[in-house]
Each structure stands twice: as C-alpha cells, then as structure tokens.
Amino acid sequence: MTIRRGRGVAAINYPTGMNLGGDPTQALVHSTPTGNFMVTLSSVDLGQGMKQIMAQICAETIGVPTDRVVVDTADTDTGPHCMGTFASRGTHRAGNAVIQAAREARQVMLEVAAEELEVNASDLETDGQGNILVKGAPQKSISIFDVALSAHFKRGRSISGRGMFLIPRSYPEKETGAMKPSTCYAHACTVAEVEVDDETGEVTVLTVKNVFEIGRALNPKMVEQQLVGGSWMGISHALYETTEPYYPNRDHGGTDFNQYLMPGPGDLAETEIIVLERPSADGPYGAKGPGEMCANPQIPAVANAVFDAVGVRIDTLPITPERILRALKAQAN
Amino acid sequence: MELRKSYFADVRKDDLHEIGQGRPRLDSPGHVTGKTAFFADRNFPGMLHLKMVRSPHHHARIRSIDTSEAEKHPGVVKVLTARDVPHNVYTILILIQIGPEDETVLADGKVRWKGEAVVAVLAETERAAKEAAAKVKVDYEVLPAVFDMEEALKPGAPIVNEYHGQNYYLYDSGECRKVRFGDVEAGFAGADHVLEQSYQSSPIEHAPTETTGCVVMPEGNDRFTCYTNTQAMFFTLDNTSIILQMPGSKLHFVGGTVGGGFGGKVDVIVEPIAILGAKLTGRPVSFIYSREEEMQISSPRAAEKVVIKDGVMKDGRIIARKVTGYTDAGAYSRHSPYGAQKGAGHYPGPYTIPNVWIDTYCVYTNRTPSSAMRGFGVTIGDFALEVQMDKLARLIGMDPLEFRFINAYRDGDMKAHRQPTEGAALIECMQEASRAANWPVAEKYMAMSSYKKEA
Amino acid sequence: MAKVPVQFTLNGSEKAEFVDSGTTLLNALRDKIGDTSPKGGCQQGTCGACSVIVDGELRLSCLTLAETCNGAAITTTSGLAEGGVLHPLQRAFLDTFATQCGFCTPGMIMAAKVLLDHTPNPSREDVVEALSGNICRCTGYEPIIQAVLTAARANSQSAA
Amino acid sequence: MALALQTFPTVRDANAALKVAGTRYLGGGTLVVRAANEGDVAVSGLVRSTDPALSAVEIADGRVRIGASVTMAAIARHAELGALAKAARAVGGPAVRNMATVGGNLFAPAPYGDFAVALLALDAMVSTDDGELPVETFLGGRDNSRAIVTSVSFALPKDDGFRFLKVSRIKPKGVSVLSIAVVLEQAGNGTISSARIALGCMADRPVRARAAEKALLGKTLDPNGIAAALGAAGEGTSPITDPIASAWYRAEVLPVHLGRLLLS
C-alpha cells in the first residue's frame, strides 16, 4: 500500500444576484409605541440566518441595539415582495431594502425627537444604545422609547419606512453576449491537501485552507457558519455526491442518506477559514453574497490535489475511488 | 475563522455598532429546544394526505388512466388527474417572461421522465393514500428515451419535450447563449500552446434534512393558507395563481422557516396540487415529499459538460479561451435555461483574457428535471475552469498559483460580457492563501494589487 | 381501523392516547401528543432527525412502533430545559453557533445527550461516533462536535 | 388498511400468525417498518414475540447462543463477546444498533447485513422452531424462509482468531463497499491450519471465499504466504453494483482489503 500526498489550489469569483431576470426585493419597517422596530419581509430563511442579519442591518441603520428589532417574515399577507432566497441575493437585496426602509423610519424618528428637543433633526445622532443625542451636546438627549411614545400618542406620526431595491433586468445582447449578469462579486482561493491510497483510490482530504473575500462580514459568527459548512459541501461535491452514480445511465440512483454519500463527522478535513473584506459599492454595508461561492473552490482544489498526489486527472465529478483506480490502472498500462 | 482586516483597510470603515458583531442568532433558541415551527409541525384536524402516482417509465405515451379502484379504496377522499388542474401546462420562469410553458402539473397524455407525477391521491391517512395509489392503473406505451446530452442533440434523437420541438432551449440568440469578445481563432493561432479538455458532472441532490412540502388549510373565507418551505414566497404564490386560475388574493402563503434549501426548494411543485386538493375537498391537505422523492424526484443540480479550449503563451498569459457548456435540464425547463445563461455570464472565470468565445446550451433529456442549486450555473464551470488552469500551468512548467496571478482580473479590466471589473479581490485572496498554505510565490505577485496600481 | 392504547411517560409526564395499530412513535409524538421536536427527515432510519431516548437508549422514533413503547420513559429535546433553563447541551449549541436551519438539531441533541449520560468526558472520537447516525447538511458537523465537547466540559466543571 | 401489530408471548403462536399473507415479523424495525414507511403496501400486518429466550445470550463450553432479538448494541457491550464487538459496531449508527437485531441482520440485503457476514465466517447455526440450519444454508434460502429465527449459535473464536473489516466510504458510519470476516486457526509453527472467510457485498447476501480459504491452508501470514489466497479471493463471487460502488470496483479492491486484514 502506498499513501500518496498532494496539494492543489483553485481561485474563483462568484456573482451576487440574478440580474438577468430583474431582481427586486421590498421591505417595510415600523416602530412599536415603545420604540421597538418591526421589519416586515417575505424573504425566506433557509437556515443561513436571514432573520438575524436583517435585524442587525435594521438596528445599525436606525441606531438601536439588535435586540430592539423583530423580523417578521415570510407571510404574503403582510410582507412585501421578495424574489426569493437564491442566487446569493438574500442579504444583498433584502439588506438594501431594509436599509432604505430603516433610513426613512429613522428620519421620522429624528424629526419627532427634534420636535421634543426643540432642535433641528439634522443636528441629532443616535448612540446605538437607544438614545438620540444632540451632536456636540450629548447631555441634551431623549430616549427612543420616549420618542416612539411621543410619535404615537402626542404627535400622531408613524415612525416607519418603505424600502425597495431593484436591479433592473439585463438582457444579453444576442450576438456579443454583452450583459450585466451580476452586481458585485465575491472571491475565494482554496488550497487543499489530500492523501490518496493508490491501491483503492480512496481519498482523504487532510486540510483545506480557504480564503474568502465577501465584502463585509455583517455577523462574523454567522459568516463562519456558512463558510465552514460550505467548505464541507464543496469537498462533498468533489468526492462523493451524485444522484446518478452511473450517469448518463439512470440506474442505481440513491434514495436515502446511506446511498447518497456525503462526508460524515469522521471524514472532516482540518479546515481553516480566512476572510477578507473589500466592501462592495452596492451591498448593504458593503456585503456581498458568500453563501453559494463558499462551496465552489474546494472542488477543483481537491481535483488538482489528487492529480498532484497520484498523477491522474479525474475530469468527471464526483472523483470517486473507482474513477481514480481506473485511471491509475490505465496509467500503469 | 480569522478576519484579515489589513486587506482593503483603506476602503473600509470599521465604525459600526451592530454590523460586524457576532451577535447570537435569534432563531437558535427555538432550534435547540425543538420549538421552531417548520411547516410540517402544523397539524390540523381532518387533514388529508396527498400521495403521487408516478411514472415508472422514462418516456411513454399514456393510453389510459383508470382510477376507479383507487377511488373506492377505504379512506380515499379524492383522486386528481390532469383534467382537474385548471392550467395544467406551466413553466416557473414565465413570471419573468422565460417561456414556453412546457411542464404538466399532472401528466397529460405523456410522461417524459421516470418519476413524473401522473395522478394525485388524497386520503385520510398516509397508508390509505399509498394503498390507493397502488391501485391506480395507467396503461403506458413505452417510447424511446434519450439520456445522453450529445445523443439528444443529434438529428433524429427522440424529442423529449414537444413544447420546445427540439432537445435544446431556444434563446433569442439561437440554440445557445453566446458571448463573443475579441477574435478567439486569431488567439489560438498566435498561442504557444493550445489545450482543449472536456469536463463532466452528474446530477447532485441538495439533500436538505427537511424534505420539500406544504400543509394547506382552507380558511372560512374562501382563501387558502399554505404553510410551505419554498425558498421564494411570491414566486410560488404567483405561479400557483396561474396554475389554479385563482386570484392571488385567495392565496396566503406562510413560510420563511426552512430546514435547509440549497436551491432545492425554488421549484413550484407541491403547493399548487395541494391547494387544488384542499379546494376540491374542503379539507386541510398535507403533501410532503418522502426522502426517496427528495432524492430522485425533486430537481437536482444539473449534470453539465464543459469543453474548454485555451491558447496560452509560454510567459503564462492566456490569450484565448473558448468554452462550450452543456446543461442537462432533464425533461423540463424549470430554472435551467437561466442557469445555462448565467454560466455564459460567468465564463471565462476571474481572469482577463482578450479573446473569448462562449456557447452555453440548455439540453433536454428524459431524466428528472434539474433546477437551481447553491452555485447555480457556476459550480461545475468553476471545477472545469480551475482544473483547466492547473493543466495549463503544468503544460508551460509554471507554478499553478503564480500562473493565476498573471491572469487574474483587476479593477477596470474589461470582461468578456463587456462589463468593466469592479471591486476585484482575487489577487488578495491568492496572496493570503499563499501565506496561509505556505505556498510561496514570487515577490512580484505578493506586491500586486487588485487596484491595478502596484504597491 | 383498530385503535390501540399507548401509554408512556414523555419528559416525565404521563401520556395516554389511542392510535392506529402500527403507528410509529414519531407520528404518535408529533400528531397525537403534540411534541413536534422530533423531526421526520426520512422515515427510513437514515437521517437521525427523529431520534428520541427510550428508557435511556437512543432510538429512531420513525422506525419504532408507538405501541411497543408502553410503559417506557421517553425523553425528547422539547423536555430538556428545566424551568426555562437550558440544558448544558442546548446552551453549548447556542454558544458554538452549532445550529443553522435547525432541523437536525433536536436529533443531534438527543444523540449527544445519550453520549454524555454514559460518557461524561468523551473524546472527540466518542463524539464523532455518537453523532454518526445523524445527518446535518448545513454545518459540516464541526460546530456540532465542538458544541458537544463544550457541553461536556461545562458539565465536568459544574460537577467539580 | 392500517398496519396492525400482533404481539405473542411465544414464538409458536407468532409463527402461526405469520402464516397470514402480507404478514411480516417485527424485529428491531429497521427493515420492515422502513419498508412500510416507504410505501410497501405488501406489508399489511406485523407480528412479534416477547418470548424472553429471544433476548438471551448464553455462553457455555466455548459456544455462544445469541437470541434473535438481541441487538447489535447489546452484543457490542457484552463483556464476553468482545471478539464480535467490531462486527456489531459495524452496523449503523448508535440508534440503529439499539434497534437492529441479530435475527434481522440475517435478512438484510447487501450492502447491509455486516453482522451476518461475521456469522458466516463463524460457521454459525441458525435456529427456528423447525430446527437448526448452518448459516450458509439458511442465507441461501432466506427469501423463502417463513419461520421466525429464534437464535444463532457458534463456537466463540479465540481472541485473535476472528478478524473483521468493513470498508465504507463514509466515516465513522456508512454502508459497506464490502465487509470481510475471517476465522483463522494457526498451527504451532504459525502455518494456517483452518480458515473461513466470509464476504459481504460480493453477492446479494454474504458468501464464503472458499478458494481463498483453501489457498491459505499450510501458508504463513505474510505477503508471500497469502498471495495465492488474494488471487483467488474473488472466485465464485458476483459483487453487487449499487450507489456506493460498482461490481468492478468491489472485485478490484477485495484482494487489497483482504490482504490488509490478513496482515493486520
């Protein structure tokens, strides 16, 4: 038995959004009588954390702590339109809509505060803790709690805002293909290190070192969740996954989690994640969509590492032990 | 995970309060206590269970359907066939004017893939629905099927889907989406080396732990509340409105808490037929995919074939790249015409290449319709591109990482689809990877910048 | 249809229902008793989302018939928190960001609880083995492994 | 019709109830409840027996008798069955092992049934109310077997006499690419005096590798000594093709893994 070691690299970019279809999302924000904020959407949380991120974006924009924000999604009777959660668009599109709605609400909030404090709204700022202060004179302040009460019961104002973010549809030019398929791009570079058993074709991914550039890590802990899980899925795609193992032959498609193969908790590569942030011009606080991109670079990096280890190219996914063994035998002949 | 704040510090202000903070997730307490309400956690008295009778053949004409025994089966409340569906032929992307309508909610006269829905059975229990489904008699005339994309594109191949008339999607640009930039043939002629390679994948399942499904409640006011795990609320609502010829005001969709999606829950598949069942019976209806259905019936990531031909110079510059991509849509379009075209906008990858030719095809075969998945239109292309990059580097005897620096796109570079590059960061990712992986590259590459002004 | 009685304790309280003979424990818990914390991810015994603890042993409730559990003591994730205070495992899953979509989480916590009940100071290998029947598609498992190890450390510290 | 379960205190009464068409025996549930859940409407009734003998493990005079309802978890933690623990732990994850039974494993189609591979190498006897059969005979006729398996019995192997390997693509739990169980006896000079090798996934049910067994006799456990056995390992097998691996792959790596197991 010989265990051979190799490493491979891959570098990629990934588009945010589905510009080729037109790409709108809308949001509504309003305050409750005691100065909590409700974000109403019809965007879907698939587990990536849409609700939490929209709360943080709204909180940042209004100027309150995140726990003062409640996200109500996704109910078509109350939530305004969203195209959906796909194409790495959720945070980018819905986030921009929430920012716009929250800005409008913030403006009303500052106007009410200005009336209460008898200053100009433009002279006010928030402290992020739930208070509105006069710039340069922070002793002169009012709580957002009191501002909301005033708006509701005294001034008759609605502290609310509407947000809409639309990327107009890009139609590819027929002959040249000139088009604007995306708004901004996330980036990644992955180096994978593998061991290949040259008698069985079995691959062990030892390490993956992933560098991702994602615009802005809005919530670094949640970014980490996605990137770690995505890196696992990329390795899974590279080595395991197919619903048609003998494609294009349709036979022997897996029907359960025993037959549909994915790495188990005993198959995990040592995974390193490094994040760079080059804020995008059009993203919410500079964010891009990293959710899909993070599962892509491991696939070619592993493929290239397998070649580096045993000198055979597997250009068909997944890179199964059988494909490697067949290639090794062909190489030996 | 580490945030490397030293990169791009000059264009980023880190002065935010809530953004950039690793706040705890507000949904997690519900997850760890089992209190989070997924759609299937709603159980209504009198709820019916919907089970689908599916085609055992890859391609067949339906001579007749006999549901009489199934209808008599104890516990069965309703059996639905194509004629019960008001607008049975649909396509999801018609909402953004990408037609033609090419797919049946319930098969009408023909099945085009093994597993296609033919008859829906609604019964008091899952068991009764399954037993009754087994009693539906469908008389099929089996037709020749085609599974291989190249075979499907040959003249004389069996036509998979008559609504298209040929086994590829017809774009306004013709049989494929095209990108033309520079003169690719001149590029090949002037190249030191030309390398043409072919890459292939097979379908991949999203495999969310929660299967696709919905629970429908007919409300007292002639409206229907649909608890769903769709990834796109209004996409589903609006398509349902078309399929059922029902005003959107009658439909109320509640979702947004989904047990994993990864693109697998963007098709409008379970909701229209479940709502129709609720309408025709006046009862709540549950239609939840079994794991087998999730694995083999729900849309997978398309199989793709990618052929890349590159012209490269000894000094490492790629001067011409021609990509021909084939997306195996299966029997129906769903989102695949979009994915193939998204691929055209993605090639030739994050590299600046002066001469580019791209053709991407969306091909129909007699297999489970494919659709979107995490990395839609890009994932397999990136596999092909980046293995090709490795081969090119080795072909000219260059370090694979250094070879990428030479070709990496930077701000202002014109892309093949004629958009100037903005916000590039590939070089910095590679520089950091070089450090993290202890994969040294020449100092001149470590000094490069995506801003296109050398440090 | 023949109804059969099922009677067991669920998270310490007595439950008695009549169900169709052949009803799985998963369906009895979810549809009859109203505990939806066990999830039906496959009904094949291959995903672990339906895992519950029956008389101290981890079981797949989708493959267990409810009527075979008469007299048993059943624990589900919904019963772990006491008086609104989260179980150390639940706390650890929050602190290590080990949940994403959350669908696998109740089953994972059940598998982890049985492990820690028998092996208070598990090795990483013990944790990996204990979770090996449970599928997660979001996290890549590492955060869940870390959550279980974190909970074990918290337990041993509070016991010390 | 609902899937009615009938419970009987004796195996005899359960056997009688099993004669009704569509009735299946409920062991741990991992096979038959799954089949019903997946829509196998041919399963219309379930029968089980609560006879305590089915859950007993008896060890006497170097022989062990394991009741058919004994679970994989119970075997894996049994103090005196340490030699078999590896094979028992090869089945499923922890929850499956708490449910899956010895009796049920005899009926599990490839790629399942790893414990049955061990029983085949151990030359176990399978007991029903109709009598005892060698496990190999039983496995050959299992598709038509209607009588409830009550127990399996075999001579306990010496500590180092039993070797077991399950090759899986997923760790630590995944179904088999193949599994191999080997029972060896060595003479004083180290040469092999007796060998039984059983293979999983090399047919639709566990099979013996008789040619390889024969080729080991009189040989020593070193690369030269086992070479002929490895060459003959696949004789008479017809490996399955499934989503895990093709027949070609299984046949190719069988000698590799058998060699590693023998030299381990």
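Residue numbers (our numbering), protein chains in the order written: chain A, 31 to 363; chain B, 729 to 1183; chain C, 201 to 360; chain D, 2 to 265. All C-beta atoms in this analysis are idealised placements derived from N, C-alpha and C, irrespective of residue type, glycine included.
- In chain order, Ser72 place their CB closer than 8 Å to the CB of A/Asp105, counting only its own chain and leaving out the 5 sequence neighbours on each side.
- Between D/Ala109 and A/Tyr44, the alpha-carbon positions lie close to 46 Å from each other.
- Our two residues, B/Arg1045 and B/Lys906, have alpha carbons roughly 24 Å apart in a direct line.
- The alpha-carbon of A/Val39 is positioned some 44 Å away from that of B/Thr832.
- Nearest CB-CB separation between C/Pro322 and chain A: not below the 9 Å threshold.
- Among the residues facing chain A, C/Thr339 is included, as its CB has a counterpart in that chain under 9 Å away.
- With contact defined as three or more Cβ pairs closer than 8 Å, the region 845 to 862 of chain B and the region 749 to 767 of chain B are not in contact.
- For A/Lys251, the chain C residues whose Cβ falls inside 8 Å of its Cβ are Phe297, in order along the chain.
- With respect to the 9 Å criterion, C/Phe293 and A/Gln255 are not classified as neighbours on the basis of their beta carbons.
- Looking at the backbone, the Cα of D/Asp14 and that of D/Ser169 are separated by about 40 Å.
- The beta-carbon distance between A/Ile172 and A/Leu147, rounded to whole angstroms, is 6 Å. This is short enough to meet the 8 Å contact definition.
- By the CB criterion at 9 Å, D/Leu140 and D/Pro207 fall inside the cutoff.
- Contact annotation: D/Ala210 and D/Leu264 have beta-carbon atoms that are not nearer than 9 Å.
- The beta carbon of A/Val99 is closer than 6 Å to those of Phe67, Ala85, Cys88, Ala89 in its chain, skipping five residues each way along the sequence.
- The residue among C/Gly248, C/Leu263, C/Ser323 with its C-alpha nearest the C-alpha of D/Leu32 is C/Leu263.
- Under the Cβ distance rule, D/Gly105 does not count among the residues neighbouring chain C, no pair being separated by less than 9 Å.
- The Cβ atoms of B/Asp836 and B/Ala810 lie closer than 9 Å to each other.
- For D/Leu259, the secondary structure class from DSSP, reduced to helix, strand or coil, is helix.
- What A/Gln86 touches in chain B, judged by beta-carbon distance under 8 Å, is Glu746, Ile747, Gln749, Arg751, going in chain order.
- Think of a sphere of 8 Å around the beta carbon of C/Ser221: the chain D residues whose beta carbon falls inside it are Ala3, Leu4, Ala5, Leu6, in chain order.
- Closer than 7 Å at the C-beta level to chain A, one finds these residues of the region 169 to 180 of chain D: Arg170, Ile171, Lys172, Pro173, Lys174, Gly175, Val176.
- Shown here, C/Val254 sits in a strand according to DSSP, grouped into three states.
- With a threshold of 9 Å between beta carbons, B/Ala845 makes no contact with chain D.
- In the three-state reduction of the DSSP assignment, B/Lys806 falls in the strand class.
- Rounded to whole angstroms, the gap between the alpha carbons of C/Ser332 and C/Asp255 is 21 Å.
- Non-local beta-carbon contacts of B/His801 in its own chain, meaning distances under 7 Å to residues more than five positions away in sequence, involve Ala856, Glu859, Ala860, Lys863 in chain order.
- Against chain D, a Cβ distance below 9 Å from A/Tyr270 picks out Arg170, Ile171.
- Proximity of D/Asn225 to chain C, defined by a Cβ-Cβ separation below 9 Å, is not satisfied.
- A distance below 9 Å separates the beta carbons of A/Thr46 and A/Ser212.
- DSSP places A/Trp262 in the uninterrupted alpha helix (DSSP H) bounded by 250 to 269.
- A residue is called buried when at least 16 other Cβ atoms come within 10 angstroms of its Cβ; A/Gln169 does not meet this threshold and is exposed.
- The beta carbon of B/Lys865 sits closer than 6 Å to the beta carbons of Asp794 from its chain, once the five residues preceding and following it are set aside; these are given in chain order.
- Taking C-alpha positions only, B/Pro883 is separated from B/Asn895 by approximately 10 Å.
- Distance between B/Ser977 and C/Leu260, taken at the CA atoms: about 42 Å.
- Per DSSP, A/Thr273 lies in no alpha helix (DSSP H) and is assigned neither H nor E.
- What C/Arg230 touches in chain D, judged by beta-carbon distance under 7 Å, is nothing: the nearest beta carbon there is about 14 Å away.
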